[in-house]
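For the record, in the sequence shown the residue sitting at position 202 is 202 according to UniProt numbering, with numbers rising by one throughout.
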Amino acid sequence: MSRPAVPTAPAAPAALTVHALIGRQAAQRPQAVYACATESGHQITYGDLAGSCLLVAALLRSHGLRPGDTVALVMPNGLQTLRLLLGAMHGGFCVNPVNLLLQPEQMRAVLAHSDCRAVCVAPDRQAQVRPLLQGLDRPVALIVVDPDAQTLPGPDRLPANAASASNAADAAPPAPEAVALLMYTSGTTGQPKGVLLTQRNLALNAQAIGAEHELSPVDRVLAVLPLYHINALVVTMLAPLAHGGSLALAPKFSAGRFWEQAARAQCSWINLVPTMISYLLEGPRPALAQTAAIRFCRSASAALPPGQHRAFEQKFGIGIVETMGLTETAAASFSNPMNPAARKPGSVGRASGCMAGVVDAALAAVRNGVTGELVISGPNVMPGYYKNEPATRASFTPDGWLRTGDLGHRDADGFFFVTGRIKELIIKGGENIAPREIDEALLRHPAVLDVAAVGVPDRHYGQEIGVCIVLRAGMSCTQEELRAFSAAALGRYKAPGHYRFVTDLPRGPSGKVQRLKLLALFET
1 MSRPAVPTAP AAPAALTVHA LIGRQAAQRP QAVYACATES GHQITYGDLA GSCLLVAALL
61 RSHGLRPGDT VALVMPNGLQ TLRLLLGAMH GGFCVNPVNL LLQPEQMRAV LAHSDCRAVC
121 VAPDRQAQVR PLLQGLDRPV ALIVVDPDAQ TLPGPDRLPA NAASASNAAD AAPPAPEAVA
181 LLMYTSGTTG QPKGVLLTQR NLALNAQAIG AEHELSPVDR VLAVLPLYHI NALVVTMLAP
241 LAHGGSLALA PKFSAGRFWE QAARAQCSWI NLVPTMISYL LEGPRPALAQ TAAIRFCRSA
301 SAALPPGQHR AFEQKFGIGI VETMGLTETA AASFSNPMNP AARKPGSVGR ASGCMAGVVD
361 AALAAVRNGV TGELVISGPN VMPGYYKNEP ATRASFTPDG WLRTGDLGHR DADGFFFVTG
421 RIKELIIKGG ENIAPREIDE ALLRHPAVLD VAAVGVPDRH YGQEIGVCIV LRAGMSCTQE
481 ELRAFSAAAL GRYKAPGHYR FVTDLPRGPS GKVQRLKLLA LFET
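This is how it looks when you write it as structure tokens:
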């Protein structure tokens, strides 16, 4: 297919690794604050960050890991979580931030598939994680780390072991093509796929985000998304490294405390998903002093309803920059301009830090205005899925463009509009949920004969999970029973919010359930 024009590159020289991003800022601005905790007020300067990276590498080496090995993190937000993530990347290790919403068996599957050699776990998660490591085909070190601690664990060895830290300092820096991140994302089969992202993918997209949003050292972002989310990891953790800015890290999103946190930390921009925007709209209008310094809100991970877009800007006086990306593209790949007059409501924006196009079913490029599948090419695109060559091949066109699975079109100005999804993923609060995963869980209930899950529009989450249930002949079951069963099988977050009992499910000629025909059942 023909390639669109390449977006303007950042003016600063490109740093091709996370290691180089950290080293550059530590050399130029060692006393500048990189991160602060919204609750404790504790800070990490760029100089501190560079030093802690060496200690993290020494810690991992002391547990037998070598550059290239994978370390998993089962930890909530915290400054120590930041140190571990960045220290592992800086040292040439691969990090796998594990989604804390996973059920035990799902987490066990991720830890087994990842080939991790160590797991850093928060104290309150230790009892949950330890049994999951039993029976694996390899020894895995369990390192208990307080996410809010100021020092690394093992005071008998670290940070006092200067020799170990010195060895880490002398190690060769990771190459741009070295894998730095392994992040699992749901697919239509319900089996999570491990997305591999390199040092180059992450560093160049961090720089593209800084250039796109015109960020500078004076900018600080309020980081409320969990650090196991690709958006949080790249946009709020890595992007400041590219432009010398900083982040204010909150333990989690709190609609009631959000504006207070942003004001107290003197944030100049905020990074949200539509679910959070919805909850903020439900709350009171903050004082002008709490929002005056915020120059824009970045929205990503799912489509933002135009009504909520307008309502947010009117209520809070803060412009929204809509963006879109995938785990497979290291978060951002589309963005609206910073100039409010140039933005197009309803559009995910123009290609950012990459190239994008639209193809038909035969993978041929289509004209502007014609709907097709969005495809992406550029330095932010993953090399592939971990230990899943069939999925990797299926995700790329023969000439190397990533197939997003999103339907949409491009207008004459180069703005992209997403109109639907080819894959039947449910996107709840920015998290991908495979309908088949829901189906299979509910099919384990003895009264359920057939089931189909579908994404139902929801003002808070963007989509809520709805299920249509066919009961077995002669058997009965109430919604309340299914809610309790779903919560136990899937966890509260993935448990369906809406239930409908039907006599059969609509199917196409091939026998596949036609899920979209079920949406009408949830309109009343």
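Backbone N, C-alpha and C fix where the C-beta goes; we use that ideal spot for every residue, glycine too.
Select from the options the residue whose C-alpha is nearest the C-alpha of residue i.
i           : options                : result
R108        : Q128, A122, N388       : Q128
G353        : Q25, P97, D48, A211    : A211
S40         : N77, Q463, P383        : N77
E328        : L132, L202, A50, S62   : L202
L281        : P305, A265, D69        : P305
L133        : A311, P104, Q150       : P104
E313        : L516, R66, R295, V366  : R295
A341        : Y228, G319, A361       : G319
Q290        : I277, R264, L272       : R264
residue 547 : I438, T38, R403, P496  : Residue numbering for the chain in the displayed model covers 1 to 524; residue 547 lies beyond these limits and cannot be assessed.
E322        : A242, P226, R298       : R298
G384        : A178, P345, A118, P97  : A178
M324        : R367, S268, T404       : T404
G430        : F396, L111, T397, R459 : R459
T45         : R66, G23, Q479         : G23
F485        : L442, F522, I469       : L442
G92         : L374, F253, E480, L54  : L54
A362        : Q80, F396, N231, F522  : F396
E464        : P446, E260, L425       : L425
F501        : R483, P30, Q479        : Q479
N339        : H213, P457, A72, P131  : H213
A287        : K315, R310, S476, A311 : K315
P251        : S268, H243, A232, A239 : A232
Contact check, residue i vs residue j under 8 Å by CB: the rounded distance?
i           : j    : result
A452        : L505 : 5 Å
G87         : S52  : 6 Å
V381        : G372 : Their Cβ separation, rounded to whole angstroms, is 18 Å, which puts V381 and G372 out of contact at 8 Å.
T185        : Y461 : Actually they are not in contact, since the Cβ atoms of T185 and Y461 sit about 18 Å apart, beyond 8 Å.
residue 528 : A26  : Residue 528 cannot be examined here, being either before or after the span of the chain that is shown, 1 to 524.
R64         : A112 : Before going further, note that residue 64 is Gly rather than Arg in the sequence given. The pair is not a contact, with the Cβ atoms about 18 Å apart (cut-off 8 Å).
I422        : V467 : That belief does not hold up - the Cβ atoms of I422 and V467 are roughly 22 Å apart, past 8 Å.
P174        : P67  : 7 Å
S333        : A351 : 7 Å
Do residue i and residue j have their C-beta atoms closer together than 9 Å?
i    : j    : result
V448 : L471 : yes
A330 : L197 : yes
S347 : F258 : no
Y493 : K428 : yes
G317 : N336 : no
C36  : T70  : no
Q308 : I270 : no
V98  : V110 : yes
A303 : G369 : no
V18  : A180 : yes
L16  : R138 : no
M237 : L60  : no
L225 : Y34  : no
L204 : A356 : no
T419 : L402 : no
G245 : K387 : no
R83  : L152 : yes
Have a look at the DSSP bridge pairing and note the partners of residue i.
i           : result
I44         : A35
L182        : L196
P395        : The residue you asked about is not Pro; residue 395 is Ser in the sequence shown. Bridge partners of S395: none, in fact.
A118        : V71, A141
C297        : I270, I320
C94         : T70
residue 531 : Nothing in the structure corresponds to residue 531, since the chain is present only between 1 and 524.
L247        : A35, V221
Let me know the beta strand (DSSP E) ranges lying completely inside the UniProt domain "AMP-binding enzyme C-terminal" (437-512), each 3 residues or longer, listed in chain order. Fully enclosed beta strand (DSSP E) runs of 3 or longer: 448-458, 462-471, 498-501.
Whole runs of the beta strand (DSSP E) within the stretch 373-417, excluding any shorter than 3 residues: Counting only runs of 3 or more, we get 402-410.
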